[in-house]
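Worksheet: one structure, shown below.
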Amino acid sequence: MHCVANGDPSKPLLLLLHGFPEFWVVAIDMRGYGDTDKPAGIERYRMVHLVDDVRQAILALGYTRCHLVGHDVGGAVAWSLAAARPAMVDRLVLLNAPHPLAYHTCLRSTRSQFFRAWHLFFFQLPRLPEWLVGRQDLAALADSLTGKSQGVKRGAVCSDELEAYKFMFSAPGALTGPINYFRASLRYPDDKFELEGRRRPPIGQPTLLVFGCRDRFVTETAARLSGRYCRPGRFTYRPVPGGSHWLQQDCPDLVNRLLLEHLLPANGRPPALLSESDE
Numbered sequence: 001m002h003c004v005a006n007g008d009p010s011k012p013l014l015l016l017l018h019g020f021p022e023f024w025v026v027a028i029d030m031r032g033y034g035d036t037d038k039p040a041g042i043e044r045y046r047m048v049h050l051v052d053d054v055r056q057a058i059l060a061l062g063y064t065r066c067h068l069v070g071h072d073v074g075g076a077v078a079w080s081l082a083a084a085r086p087a088m089v090d091r092l093v094l095l096n097a098p099h100p101l102a103y104h105t106c107l108r109s110t111r112s113q114f115f116r117a118w119h120l121f122f123f124q125l126p127r128l129p130e131w132l133v134g135r136q137d138l139a140a141l142a143d144s145l146t147g148k149s150q151g152v153k154r155g156a157v158c159s160d161e162l163e164a165y166k167f168m169f170s171a172p173g174a175l176t177g178p179i180n181y182f183r184a185s186l187r188y189p190d191d192k193f194e195l196e197g198r199r200r201p202p203i204g205q206p207t208l209l210v211f212g213c214r215d216r217f218v219t220e221t222a223a224r225l226s227g228r229y230c231r232p233g234r235f236t237y238r239p240v241p242g243g244s245h246w247l248q249q250d251c252p253d254l255v256n257r258l259l260l261e262h263l264l265p266a267n268g269r270p271p272a273l274l275s276e277s278d279e
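Note that UniProt numbering gives residue 254 to position 254 of the sequence shown, counting from 1, and the numbers run on in steps of one.
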């Protein structure tokens with residue numbers, strides 16, 4: 001697993017999990033992305049494997065626990081690790097990433113979420129998604145990031161950053177791993193309800209969900225519903241009216257401020273670790 005680290009290794013670990021199509025954050029490139037291994041087969045992208053990858057990454061970095069930040073599909077993994085391994089996650093932050101069960105509920109019950117998830121169904125096809133996304137110098141990928149209808153604010157992603165995405169995803173087979181996340185999510189629906197052989201418990205960690213309301217892929221209903229899957233008093237929701245799905249690119253200063261407010265208490269010290277009763 002490829003990762004990039006910065007800061008004082010004696011301090012608490014802040015781990016970032018990216019979404020699609022992002023591939024490089026200060027922490028790790030997840031399975032199938034960047035310089036991390038790209039195993040073949042849809043089953044290898046089930047949630048149980050993605051969660052275990054992050055668990056092993058935390059231990060390999062020399063830690064037993066961390067503060068966890070996840071965006072998009074990285075957010076689904078973050079929610080899942082916090083549920084499956086509560087002792088490893090102190091505080092949780094999600095960026096445009098509703099709880100998997102909240103998303104599943106809205107996908108089945110609301111037309112708005114169903115139609116916004118067109119890519120989820122399209123990605124179930126074999127080979128065709130890779131061909132269409134990869135053609136014309138990855139024009140579809142570029143449009144998802146910078147297009148007027150669904151992308152970030154004008155100028156939030158520069159041409160050099162866009163070229164970096166194109167360089168990484170233009171390698172042979174580079175699109176299949178990321179698309180397999182979506183294939184596995186529908187092929188193995190029980191993964192939304194169970195983790196490591198048991199029902200998903202409610203989230204006990206202090207949890208912040210920041211949601212860009214201009215998201216063209218996820219409804220705000222799913223974001224708000226996520227609090228239902230957290231213990232009382234543990235969930236904070238922060239809507240950002242002008243933010244897109246890529247909120248961290250749209251509003252970096254705001255996102256950073258909200259992260260710091262959530263991760264650091266008023267005295268500026270790291271939050272206390274979860275007690276056994278919190279787990």
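Built from N, CA and C at the ideal position, the CB exists for glycine as well.
Other residues of its chain near residue i: CB distance less than 6 Å, five sequence neighbours each side excluded
i	result
residue 2	29, 34, 35, 36
residue 184	42, 45, 46
residue 182	120, 123
residue 69	16, 93
residue 201	83
residue 75	94, 97
residue 180	42, 45
residue 57	1, 28
7 Å CB neighbourhood of residue i in its chain, flanking five on each side removed
i	result
residue 212	96, 240, 243, 244, 245, 247, 250
residue 187	42
residue 220	211, 213, 239
residue 231	202, 203, 204
CA nearest to the CA of residue i, picked from the options
i	options	result
residue 189	105, 17, 91	105
residue 174	32, 57, 85, 53	32
residue 133	116, 72, 178	178
residue 191	18, 48, 99	48
residue 102	128, 223, 116	223
residue 293	229, 53, 176, 38	The displayed coordinates of the chain run from 1 to 279. Any statement about residue 293 would go beyond what the structure contains.
residue 18	71, 262, 118	71
Environment of residue i [buried if 16+ CB atoms lie within 10 Å]
i	result
residue 59	exposed
residue 10	exposed
residue 8	exposed
residue 158	exposed
residue 23	Confidence is the limiting factor: at residue 23 the pLDDT is only 42, short of 50, which leaves the residue's position unreliable, though a coordinate-based value still follows. Under this definition residue 23 is a buried residue.
residue 87	exposed
residue 160	exposed
residue 50	buried
residue 252	exposed
Cβ shell of residue i (< 8 Å), same chain only, five flanking positions each side left out
i	result
residue 62	9
residue 225	98, 99, 102, 105, 106
residue 194	200
Beta carbon of residue i nearer than 8 Å to that of residue j
i	j	result
residue 145	residue 152	yes
residue 55	residue 89	no
residue 218	residue 135	no
Practice item. Specify whether the stretch 81 to 88 and the stretch 160 to 176 touch according to this definition: at least 3 beta carbon pairs, one from each stretch, less than 8 Å apart. Key: No, the stretch 81 to 88 does not touch the stretch 160 to 176.
Review point. Does the count of Cβ pairs from the stretch 127 to 146 and the stretch 199 to 215 closer than 8 Å reach three?
Key: no
Review point. Touching or not, the stretch 109 to 125 and the stretch 224 to 235, by the rule of three or more beta carbon pairs under 8 Å?
Key: no
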